[in-house]
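K.L.:
In the working numbering, the protein residues as written are 12 to 265.
Backbone N, C-alpha and C define an ideal beta-carbon position, used for all residues, glycine too.
Computed from a predicted structure; not experimentally measured.
Take this structure, written in structure tokens, and hold onto it; I'll ask about it next.
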């Protein structure tokens, strides 16, 4: 099948939506998404009904904003669902062709999700001997034949080596069917990258776009009795300015 997005005929703010079915580092849990608003178009958080409305987290005990930072550099923002143990969304700024290759799969956890009073803001490799109550851990994804660790903010969209490394946190990951993650989803990520490289620039002519990728939890599909397997993913690309008035975009999926 193919997913066709409507033509874009504006030079101002444009939106593209993809709705897809899907079967020492620093980070900080903060009080509000606005604490990391540099990764949002016009510093405005998305509206997620029942989760994030008018910039406010409705259930602050369950949903936690995380300023994802690597070596003292903030790289993107995530709102994390501690009940389903998956991100609600990750938002980031796309700046064009980045440097470096895909980093090694060194998966980390967020210690402040377990203890908000922990002064250690460092993202860290999970302790295999410890069980984590409020987030996924690496063992949740091991020894299964069907699901990959699926990035919401893919390392291929990150501009710097630090940003690429920072995407390898389990707070940026959802379970994705292996065939989907390595097939249609991978092609979609490449398509989005091509679209932004070709059409998305700021007022200085530099490639720049804002991307929000979210996951819709399923009702009863659970990995290892702990991790919700999303039923859908939503990608929103927010472009500051288009290089052409009329753009037809088609991403082949499936």
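Helix or strand or just coil, what does DSSP make of residue 77?
P.N.:
As a working mapping, residue 77 is identified with position 66 in the chain shown. In the structure shown, residue 77 sits in a strand (DSSP, three-state: E or B).
K.L.:
Would you please state the rounded distance, in angstroms, between the beta carbons of residue 179 and residue 119? I believe it to be under 8 Å.
P.N.:
In the chain shown, residue 179 corresponds to position 168, counting from 1. In the chain shown, residue 119 corresponds to position 108, counting from 1. Sure, about 7 Å apart at Cβ, within 8 Å.
K.L.:
Give me the residue from 113, 137, 115 with the minimum Cα distance to residue 123.
P.N.:
Taking the chain shown and counting its residues from 1, the one referred to as residue 123 is at position 112. Of 113, 137, 115, the residue nearest in Cα terms is 137.
K.L.:
Applying the criterion that 16 or more other CB atoms from any shown protein chain within 10 Å of the CB defines a buried residue, is residue 69 buried or exposed?
P.N.:
Taking the first residue of the chain shown as position 1, residue 69 is located at position 58. So residue 69 counts as exposed.
K.L.:
Can you look up residue 64 in the DSSP assignment and give me helix, strand or coil?
P.N.:
Within the chain shown, numbered from 1, the residue matching residue 64 stands at position 53. DSSP places residue 64 in strand when its eight states are reduced to three.
K.L.:
Starting from residue 210, trace the alpha helix (DSSP H) both ways and give me its first and last residue.
P.N.:
Counting from 1 along the chain shown, the entry for residue 210 is found at position 199. It spans 195-210 - the alpha helix (DSSP H) in which residue 210 sits, taken as one unbroken run.
K.L.:
If contact is defined by three or more beta carbon pairs under 8 Å, each pair taking one atom from either stretch, is the segment 106-113 in contact with the segment 159-179?
P.N.:
yes
K.L.:
Is residue 203 closer than 8 Å to residue 147 when the C-beta atoms are compared?
P.N.:
Here residue 147 refers to the residue found at position 136 of the chain shown. Here residue 203 refers to the residue found at position 192 of the chain shown. Cβ atoms of residue 147 and residue 203: not closer than 8 Å.
K.L.:
Can you give me the Cβ contacts of residue 166 inside the same chain, cut-off strictly under 6 Å, excluding the 5 residues immediately before and after it?
P.N.:
Working through the chain shown from its first residue, we reach residue 166 at position 155. Answer for residue 166: 113, 175, 178, listed in chain order.
K.L.:
For residue 224 and residue 164, which I take to be in contact (beta-carbon distance under 8 Å), what is that distance rounded to the nearest angstrom?
P.N.:
Working through the chain shown from its first residue, we reach residue 224 at position 213. Working through the chain shown from its first residue, we reach residue 164 at position 153. That belief holds up - the Cβ atoms of residue 224 and residue 164 are roughly 7 Å apart, short of 8 Å.
K.L.:
Exposed or buried, which one is residue 95 when buried takes at least 16 other CB atoms within 10 Å?
P.N.:
In the chain shown, the residue the question calls residue 95 occupies position 84. Per the 10 Å Cβ criterion, buried.
K.L.:
My output table needs one value for residue 158: the three-state DSSP class, helix, strand or coil.
P.N.:
Taking the first residue of the chain shown as position 1, residue 158 is located at position 147. In the three-state scheme derived from DSSP, where H, G and I count as helix and E and B as strand, residue 158 is classed as strand.
K.L.:
Keeping to the same chain, check which residues put their C-beta closer than 6 Å to that of residue 11; ignore five residues upstream and five downstream.
P.N.:
Only positions 12 to 265 of the chain appear in the structure, and residue 11 is not among them; the question remains open.
K.L.:
Curious, which full-length alpha helix (DSSP H) runs of at least 4 residues does the segment 134-178 contain?
P.N.:
172-177
K.L.:
Under 8 Å between the Cβ atoms of residue 218 and residue 248?
P.N.:
Position 207 of the chain shown, counted from the first residue, corresponds to residue 218. Position 237 of the chain shown, counted from the first residue, corresponds to residue 248. The answer is no: Cβ separation not under 8 Å.
K.L.:
Measure how close the beta-carbons of residue 59 and residue 77 come, nearest whole angstrom, since I'm counting them as under 8 Å.
P.N.:
Locating residue 59 in the chain shown gives position 48, where the first residue counts as 1. Locating residue 77 in the chain shown gives position 66, where the first residue counts as 1. About 15 Å separates the two Cβ atoms, so there is no contact after all.
K.L.:
Take residue 102 as the anchor and find which of 236, 238, 85, 239 has the nearest alpha-carbon.
P.N.:
In the chain shown, the residue the question calls residue 102 occupies position 91. Each of 236, 238, 85, 239 was checked against the Cα of residue 102, and the nearest Cα belongs to 85.
K.L.:
Using CA atoms only, rank isn't needed, just tell me which of 187, 190, 162, 155 is closest to residue 235.
P.N.:
Indexing the chain shown from 1 puts residue 235 at position 224. Minimum Cα distance to residue 235 is reached at 155.
K.L.:
Where does the unbroken beta strand (DSSP E) through residue 98 begin, and where does it stop?
P.N.:
If you number the chain shown from 1, residue 98 lands on position 87. Note, residue 98: beta strand (DSSP E), 97-105.
K.L.:
Since residue 238 and residue 229 are thought to touch, with beta carbons under 8 Å apart, how far apart are those beta carbons, to the nearest angstrom?
P.N.:
Here residue 238 is taken as the residue at index 227 of the chain shown, counted from 1. Here residue 229 is taken as the residue at index 218 of the chain shown, counted from 1. With a contact defined as Cβ atoms closer than 8 Å, residue 238 and residue 229 miss out at about 11 Å.
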